[in-house]
Each structure stands twice: as C-alpha cells, then as structure tokens.
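This note's numbering numbers the first residue of the sequence shown as 696 and each following residue consecutively.
These notes concern the structure reproduced below.
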Amino acid sequence: MSVHDSEPIRQSVEVEYWVIDEDGRLVDPGPLVEATPGAEREFVEPVLEIKTTPCGTTADLREELLGRIRTVLELAAELGKGLVPLATPIYADEIQELPSDRTRVQNCVVGEDFEYVRHCAGTHIHVEQRLGRAVDQLNALVAIDPALALVSSSPYFRGQRIADGARSKLYRWMAYNSVPHQGWLWSYVSDEAEWNRRLERRYEDFVTAAVDAGIDRHTVEANFDPESAVWTPVQLRGEFGTVEWRSPDTALPSQVVQLTDDVTDFVGGLRNTDVRIDGDTGRVTDDEVVLPEFDAVLDYVDDAIREGTADAEVCAYLDRMGFDVDAYDPISQEVDGREPVSPETARELRLEYADRLERDVRRADRARLD
C-alpha cells in the first residue's frame, strides 16, 4: 500500500461545502448527492462532501476535483442552490444532524459539546505513503499543521468572531475539550507500532466511554474501528495507505488544489532526506528537514488558529518550512472585522462566496482551455 521512491506519489482530497438556496439559507443537498461520483452526504443536513480518487499529479487532481464540482454546480443552478466555501455558516443557531447510529454514539461520548462539530466544514488531504518513510511523513504533517492558516475561511461562530480559524477552535478547543485525546493534535511517533498502540488505546477509551453512556458495545464496534474512532487532525491511514491531514478549512477549489500541491511536495518529497526533530524553529534545506519539538509546534498551531497569517511568527515559521505564504489569500481575513454578524448578513456572505466559488471554477476552466 506504500509507493516506492521511483514511482509518482498520489494525492487526493475530500472537500465539504455548505449548500444554500437562492436566499442564502442552509438547505439539504437533495439530488446534488447523485450529481457526480465522489459526492456524498455528511452527517449534518446542509453539507455536501466531494471527494477525488487518488491522482498521480496535481494537474490530474485539479481536473478531477474541479470537474466534479462543476457537475454539481450545473445541477445546483437548475435547483436554485449553491455551494459555499466557508468553514462555518457564519451564523446559524442550530444545524440538524442526519439520524444514524454513528452520530448517536458520538453525541453520547462527546456530550453537548458535539454541537460545535455540526457548524464545521473542512478539507481532508491524503498523500500516499512512501515505502519505509510513513513515520517521517506523519511527523512532517504534524510539524506543518500551522499551515492550516493558509486557507482559513471563517472567523465566526454564531455571528461572533472567535478566532481566525473558527473551525479549528470549535473542533480542538470546544468540541473535544472533554475528550482531548480524540480530537487534539497528537505528538510525533517513533515508529508505526507506536502509532498503532495509540490508536488501540484511544479506541478502547472511546468504546468504554460509549458503553458507560448506555450504548450497546456491539453498536459501537459495528460503526467504529480504531482508525475511524479518532478525529486527531493528522493520521496514518492503513486503510488507504496514506497520511491524512484533516486540519484545513473548506476553501475555494483553487486554494484547495494549491495547498494539496504544496503539502504533497513537502510530505511526498521525503525520500533520501534526513528528517530530525530539534529546537523550536524548524527549517527545510536541500539536505535535511528539521522539525521543531512538539511543544513548539503547538505554540505555532495555537497562534495560527487565533490570528492566522496575520501572526508574523507563524508566517516566518511556514516560510522556513518551505511555504510561500504570500501566494495564499485566506478568506477569513477578507470577511473579518464585521462582528457581530447578523443572520441577514450571514446569508449575504454565503451568497457572495457561493458566487466566488462558481467564478473560481470558471476561471480554472478558462486557464485549462488556454
């Protein structure tokens, strides 16, 4: 399931979008789920997920992702619906879940705080594991977790500014605060055996918590395995043969492709490069990749969530790790500074960014034809 150094490394993405009607109100995707391969329901009513297959090049990924989004948009136009690339709906009192045993178990384990997860739409990036380098790839993804700031797309929750990356704050500091080992960023690992031990330990904790909350053990085990029972933002996925990064917000398709390309270059490029952990600054050179100590990474992550690319130290760190920060234009900073945001303004913003998404796809189409 791992690729050899001489072979091209594959990449794939999963992107979630809010679905709205012509008035900017959140609505069920309905027939949009059937519009294209890779379109799926999420666990809440007004979200549509669009996935790609593993792609050998960024050009292939771009073509497939935008092609699938384009197909969904064509049907959405007929139905008077749109797709919104914002990490939260800006303002929404309550988001309805789709009934399932899986979400019932999560609600019992996480408790009332699980409501925060219902307000989040994100991007998952998968990079194929390189033979013998999966642990280095996993640790590298942990180290670059502050790059989530490059595509932050909403600072608001229920109309109030809570952080540049509101979704990350909702997930890490609010939803999973009572079960931190399930949702927080995990530290570096020394080998795959350590990763598997962590998974098994967290899975047993999860099953025990669910049973203690009154859920039948068979129901828990039928809906979750060790890989699917944790929501830590960086994961080693044995099922797919990938390392997965779940931190980025949903964003414009061109931004998602750009970030996936940069992350794949960084994580997939660890072939004969020496990877080591040292100090608190981090750097990438032609000869080595130096990852900061984990506590330093957490400091960068916290700043990235709170202030995004407005934080000079976060930008300097990402630059040292090889990212061109100036090449990104996070939506969060475009919509910031409006607190409080009324429900009416939230609907207007959703309509505006649904239009931005359509224009983003059309612009990519023109570039492809040129």
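Glycine included, each C-beta is placed from N, C-alpha and C at the ideal position.
Top-ranked residue by Cα proximity to residue i, from the options
i, options, result
"residue 874", "864, 900, 887 and 886", "900"
"residue 720", "749, 778, 738 and 763", "778"
"residue 940", "785, 818 and 783", "818"
"residue 728", "783, 717 and 713", "713"
"residue 836", "930, 911 and 867", "930"
"residue 879", "987, 840, 848 and 960", "840"
"residue 859", "1055, 767, 1047 and 1027", "1027"
"residue 867", "895, 993, 1039 and 1057", "993"
"residue 715", "981, 768, 1060 and 750", "768"
"residue 774", "854, 717, 1047 and 755", "717"
"residue 693", "705, 954, 1025 and 794", "Outside the shown range of the chain, which is 696 to 1065, sits residue 693, and nothing can be said about it."
"residue 1004", "1023, 889 and 1015", "1023"
"residue 853", "1038, 829 and 943", "1038"
"residue 989", "829, 885 and 1031", "885"
"residue 933", "825, 855, 1015 and 1061", "825"
"residue 1080", "1012, 981 and 905", "The structure shown does not extend to residue 1080, since the chain is modelled only from 696 to 1065, so the question has no answer here."
"residue 856", "1053, 1052, 956 and 1032", "1032"
"residue 816", "737, 749 and 922", "737"
"residue 891", "904, 869 and 923", "923"
"residue 1021", "1010, 1029 and 1015", "1010"
"residue 887", "869, 1019 and 938", "938"
Contacting residues, own chain, Cβ-Cβ under 6 Å from residue i (five flanking each side not counted)
i, result
"residue 696", "With a pLDDT of only 48 at residue 696, under 50, the local geometry of the prediction cannot be trusted, and the value read off the model is given with reservation. Contacts found: 936."
"residue 785", "851, 1036, 1041 and 1044"
"residue 735", "744"
"residue 1046", "719"
"residue 910", "800 and 803"
"residue 906", "912"
"residue 753", "956"
"residue 1001", "858"
"residue 1061", "none"
"residue 1015", "977 and 978"
C-beta contact flag for residue i and residue j at 8 Å
i, j, result
"residue 730", "residue 844", "no"
"residue 861", "residue 782", "yes"
"residue 945", "residue 780", "yes"
"residue 865", "residue 821", "no"
"residue 983", "residue 968", "yes"
"residue 838", "residue 724", "no"
"residue 1056", "residue 765", "yes"
"residue 739", "residue 776", "no"
"residue 925", "residue 877", "yes"
"residue 881", "residue 896", "no"
"residue 863", "residue 1025", "no"
"residue 921", "residue 823", "no"
Cβ neighbours of residue i in the same chain (closer than 8 Å, five flanking residues each side left out)
i, result
"residue 1006", "844, 998 and 999"
"residue 760", "708, 710, 745, 747, 948, 951 and 952"
"residue 919", "797, 800, 898, 901 and 902"
"residue 1059", "757, 761, 948 and 949"
"residue 965", "825, 828, 831, 832, 835 and 984"
"residue 1050", "777"
"residue 963", "704, 706, 822, 823, 825 and 832"
Neighbourhood of residue i by C-beta, 7 Å cutoff - its chain only, sequence neighbours within 5 removed
i, result
"residue 908", "803 and 804"
"residue 702", "none"
"residue 733", "745, 746, 747 and 763"
"residue 1017", "961 and 979"
"residue 751", "703 and 705"
"residue 1053", "768"
"residue 1034", "855 and 856"
Heavy atom of the ligand SAH within 7 Å of residue i beta-carbon
i, result
"residue 973", "Judged by which ligands are present, the structure shown has none, so any question about the ligand SAH falls away."
| Touching or not, the segment 778-790 and the segment 902-915, by the rule of three or more beta carbon pairs under 8 Å? | no
| query | Is the number of C-beta pairs between the segment 805-812 and the segment 864-873 that are closer than 8 Å three or more? | reply | yes
| task | Could you say if the segment 844-864 and the segment 973-992 meet the contact criterion of at least three C-beta pairs nearer than 8 Å? | result | no
| field | Contiguous alpha helix (DSSP H) assignments of at least 4 residues, all confined to the segment 998-1048 | value | 1007-1015 and 1026-1030
| Unbroken stretches of the beta strand (DSSP E), 3 residues or longer, contained in the segment 728-815 | 734-736, 742-746 and 777-779
| message | For a minimum of 4 consecutive residues, which ranges assigned as the alpha helix (DSSP H) are wholly contained in the segment 928-991? | response | 948-963
| field | Length at least 4, wholly inside the segment 840-920: the alpha helix (DSSP H) runs in chain order | value | 861-864, 875-878, 887-907 and 912-918
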